[in-house]
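Q: Pasting a structure here, questions to come.
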Amino acid sequence: MNFTKNSANLTPIEDTVFAVVSKAKEAKAKFGADQVVDATIGSLYDEAGNLVAFKSVFDNYDKIKKEVKAAYASSFTGNPTFRQRVAEWTIGAADVKLAHSVIATPGGTGAVSMTFSDILEPGETVILPDIAWGSYALMATDKQLKAKKYKMFDGDKFNLTSFKETVLSVINDQNRICVVINDPCHNPTGYTMTRGEWDEVIAFMNECSKQVPCVILNDIAYIDYAYDLENSRKYMEAFNNISEQVMVVVAFSCSKTMTSYGLRCGAAILLAQSAESVRQAEIVFEKSARAIWSNIPNAAMDNFYQVTTEHYDDFMNEKAVYIDYLKQRSEIFKTEAEACSLPCYPYKEGFFVTIQIEDNDRRDRYHELLLANNIFTVKVNHGIRVAVCSLSIDKCKGLAARMKQYLDETK
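The sequence shown begins at 11 in this note's numbering and counts up one residue at a time.
Following this line, the structure appears as structure tokens:
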């Protein structure tokens with residue numbers, strides 16, 4: 011007897027990341043950590059193979075009174091100090107002149123999920139990149155949405171042609187358009203769009219908005235690990251040019267920024283030309299927040315505010331150490347990949363590099379061969395994701411050549 015709704019998807023969830031993580035743990039126990047390359051989880055690890063939890067973040071968290079940790083937040087939209095600080099943190103470094111509001115969410119995931127359900131009607135189509143975080147598609151299915159995918163790349167550039175064609179293929183069939191752009195530090199390829207590419211996206215969405223309202227969901231989960239951190243928000247100035255019929259929702263992840271992955275905290279930042287448009291969306295998002303999760307951890311919001319204000323220098327200095335590790339690790343892998351002709355998607359910065367394999371059948375065979383040789387990675391559409399964020403510098407050395415050898419065996 012099935013007691014769930016008739017429209018429920020009864021196919022068991024297969025979380026490819028955590029399944030491979032489990033296999034990697036088994037291999038480490040059997041062969042020893044030195045004999046295993048674990049490039050699975052998208053979290054920062056130090057050079058000794060330990061999960062990074064910033065001292066500047068958790069020392070402050072430990073000092074927060076237990077009563078504050080136990081208390082409800084002051085509002086289901088988030089604490090006022092948190093909401094203001096998130097706006098300053100995410101868009102304040104850019105000259106963004108748009109009306110805006112912030113809704114606290116359980117991680118960046120909450121912001122994405124809320125946007126899908128509050129922008130589109132069941133049965134409508136959300137537009138996703140073809141190489142992407144797998145949970146986008148899962149969330150779309152959960153909201154009874156269809157998903158249509160644009161090709162991420164045209165050579166080593168963002169594929170504007172495919173992006174435009176994909177939007178136009180659904181624009182006549184629904185009341186609104188919602189497109190997902192994970193940028194900068196794209197998961198899983200490490201690509202970051204140019205300002206020129208963003209300008210073209212905005213100009214195109216403005217044209218589309220003459221027909222239907224359009225929403226750009228900009229997932230910035232990894233933005234605080236951009237290599238040019240000072241200018242990492244400058245592209246947002248392109249948002250100033252959106253039309254009255256376009257809204258940008260920025261999905262921000264405290265989880266990634268603060269290395270507090272399990273302390274679920276994030277935000278949806280609503281941006282539009284008119285305050286009225288922002289307020290209308292805010293009302294709907296507020297109701298979803300109240301109905302679905304009710305409250306974001308009070309202490310997590312306080313901690314974000316305190317760390318990024320009172321302990322700003324300590325936090326930024328500590329984070330800079332790990333951004334430098336990311337640079338070193340990715341540069342080693344990227345340089346060696348080029349030297350041995352291991353095909354990778356265009357990487358610029360961030361947690362991941364992705365091996366380019368157009369044929370998913372070959373990708374599957376390749377992934378199994380890597381597992382058999384104690385190299386643990388994650389399958390994505392048309393590729394294999396390598397989490398350089400979790401590999402030491404030594405583990406990165408020589409890895410590309412080994413991976414190329416096994417790739418050649420799958421021909």
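We put the beta carbon where it would ideally sit given N, CA and C, even for glycine.
(1) Could you name the residues of the same chain whose beta carbon sits closer than 8 Å to that of Asn305, not counting the 5 residues immediately before and after it, in chain order?
(2) List the endpoints of the continuous alpha helix (DSSP H) containing Gly133.
(3) Taking C-alpha atoms, which residue in Phe295, Val27, Cys275, Ala410 lies nearest to Ile342?
(4) Counting along the chain, where does the beta strand (DSSP E) carrying Gln366 start and finish?
(5) Look up Asp140 in the DSSP assignment and say whether it is helix, strand or coil.
(6) Just tell me which of Asn391, Val396, Glu368 has its CA closest to the CA of Leu381.
(7) Nearest CA to the CA of Leu352: which residue from Gly206, Asp418, Gly117, Asn384?
(8) Using CA atoms only, rank isn't needed, just tell me which of Leu54, Phe64, His392, Val122 is closest to Ile230.
(9) Just list the alpha helix (DSSP H) runs in the stretch 226 to 279, keeping only unbroken ones of 4 residues or longer that don't cross its boundaries, in chain order.
(10) Counting pairs of Cβ atoms below 8 Å between the stretch 212 to 219 and the stretch 347 to 361, do you hit three or more?
(11) I need the boundaries of the alpha helix (DSSP H) containing Ala114, first residue and last residue.
(12) Between the alpha carbons of Ile365 and Glu286, how many angstroms are there, rounded?
(13) Rounded to whole angstroms, what's the CA-CA distance from Leu227 to Ile23? Just pull it up for me.
(14) Could you give the distance in angstroms between the alpha-carbon of Asn169 and the alpha-carbon of Phe163?
(15) Using CA atoms only, rank isn't needed, just tell me which of Ala104, Gly117, Thr100 is closest to Ser111.
(16) For the 8 Å Cβ check, are there 3 or more pairs between the stretch 197 to 212 and the stretch 67 to 74?
(17) From which residue to which residue does the beta strand (DSSP E) around Ala58 run?
(18) Quick one: complete beta strand (DSSP E) runs, 3+ long, within the stretch 142 to 195?
(19) Take Asn182 as the anchor and find which of Thr269, Thr202, Lys220 has the nearest alpha-carbon.
(20) Could you give the DSSP three-state label for Val27: helix, strand or coil?
(21) Determine, using beta carbons only, whether Val106 and Phe249 come nearer to each other than 8 Å.
(22) Please report the straight-line C-alpha distance between Gly393 and Arg372, rounded to a whole angstrom.
(23) Span of the alpha helix (DSSP H) holding Ile51?
(24) Given a cut-off of 8 Å on the beta-carbon distance, is the pair Asn383 and Ala37 in contact?
(25) Whose C-beta lies closer than 8 Å to the C-beta of Ser179 among residues of the same chain, with five residues either side of it excluded?
(26) For the structure I just gave you, are there three or more beta carbon pairs, one from the stretch 231 to 239 and one from the stretch 190 to 206, closer than 8 Å?
(27) Whole angstroms is fine: what's the gap from Arg93's alpha carbon to Tyr335's?
(28) Roughly how many angstroms separate the alpha carbons of Phe64 and Lys156, rounded to a whole number?
(29) How do the stretch 322 to 333 and the stretch 141 to 152 stand: do at least 3 beta-carbon pairs fall below 8 Å, yes or no?
(30) Determine which residues share a DSSP beta bridge with Leu281 and list them.
(31) Which residues in the same chain have their Cβ closer than 8 Å to the Cβ of Ala58, if we skip the five residues on either side of it in sequence?
A: In short:
(1) Within the sequence shown, residue 305 is the residue found at index 295, counting from 1. The residues are Tyr82, Ala83, Phe86.
(2) Numbered from its first residue, the sequence shown carries residue 133 at position 123. Looking at the DSSP string, Gly133 is not in any alpha helix (DSSP H), and its letter there is neither H nor E.
(3) The count along the sequence shown starts at 1 and reaches residue 342 at position 332. The option with the nearest alpha carbon to Ile342 is Ala410.
(4) Residue mapping note: residue 366 aligns to position 356 of the sequence shown, counting from 1. Here the beta strand (DSSP E) through Gln366 covers 362 to 366.
(5) The count along the sequence shown starts at 1 and reaches residue 140 at position 130. Asp140 falls in the coil class under three-state DSSP.
(6) To locate residue 381, count along the sequence shown from 1; it is residue 371. Ranking the options by Cα distance to Leu381, first place goes to Val396.
(7) On the sequence shown, position 342 is the one that residue 352 refers to. Here the closest residue by C-alpha is Asp418.
(8) In the sequence shown, residue 230 corresponds to position 220, counting from 1. For Ile230, the nearest C-alpha among the options comes from Val122.
(9) 264 to 267
(10) no
(11) On the sequence shown, residue 114 is found 104 positions in, with the first residue counted as 1. Here Ala114 belongs to no alpha helix (DSSP H); instead the beta strand (DSSP E) covers 109 to 115.
(12) Position 355 of the sequence shown, counted from the first residue, corresponds to residue 365. Position 276 of the sequence shown, counted from the first residue, corresponds to residue 286. One C-alpha to the other measures close to 45 Å.
(13) Within the sequence shown, the letter at position 217 stands for residue 227. Within the sequence shown, the letter at position 13 stands for residue 23. Their backbone Cα atoms lie some 25 Å apart in a straight line.
(14) Translated into positions along the sequence shown, residue 169 becomes position 159. Translated into positions along the sequence shown, residue 163 becomes position 153. C-alpha separation (whole angstroms): 5 Å.
(15) On the sequence shown, residue 111 is found 101 positions in, with the first residue counted as 1. Taking only the C-alpha atoms, the option nearest Ser111 is Thr100.
(16) no
(17) Your numbering for residue 58 matches position 48 in the sequence shown. It is not in any beta strand (DSSP E) - Ala58 carries neither H nor E in the DSSP assignment.
(18) 156 to 160, 187 to 192
(19) Reading the sequence shown from its first residue, position 172 is the one you call residue 182. Considering only alpha carbons, the answer is Lys220.
(20) Position 17 of the sequence shown, counted from the first residue, corresponds to residue 27. Helix.
(21) Taking the first residue of the sequence shown as position 1, residue 106 is located at position 96. Taking the first residue of the sequence shown as position 1, residue 249 is located at position 239. Result yes, Cβ atoms of Val106 and Phe249 sit closer than 8 Å.
(22) As a position in the sequence shown, residue 393 is number 383, starting the count at 1. As a position in the sequence shown, residue 372 is number 362, starting the count at 1. About 10 Å.
(23) On the sequence shown, residue 51 is found 41 positions in, with the first residue counted as 1. Run containing Ile51: none; DSSP gives neither H nor E here.
(24) In the sequence shown, counting from the first residue as 1, residue 383 sits at position 373. In the sequence shown, counting from the first residue as 1, residue 37 sits at position 27. Taking 8 Å as the Cβ cut-off, Asn383 and Ala37 do not qualify as a contacting pair.
(25) Taking the sequence shown and counting its residues from 1, the one referred to as residue 179 is at position 169. Same-chain partners within the cutoff: Lys158.
(26) yes
(27) The sequence position of residue 93 within the sequence shown is 83, counting from 1. The sequence position of residue 335 within the sequence shown is 325, counting from 1. So the alpha carbons of these two residues sit roughly 31 Å apart.
(28) For the purposes of this step, residue 64 is taken as the residue at position 54 of the sequence shown. For the purposes of this step, residue 156 is taken as the residue at position 146 of the sequence shown. Rounded to the nearest angstrom, the two C-alpha atoms are 39 Å apart.
(29) no
(30) Residue 281 sits at position 271 when you count from the first residue of the sequence shown. Paired residues: His110, Val258.
(31) The residue labelled residue 58 in the question sits at position 48 within the sequence shown. Here the set comprises Ser402.
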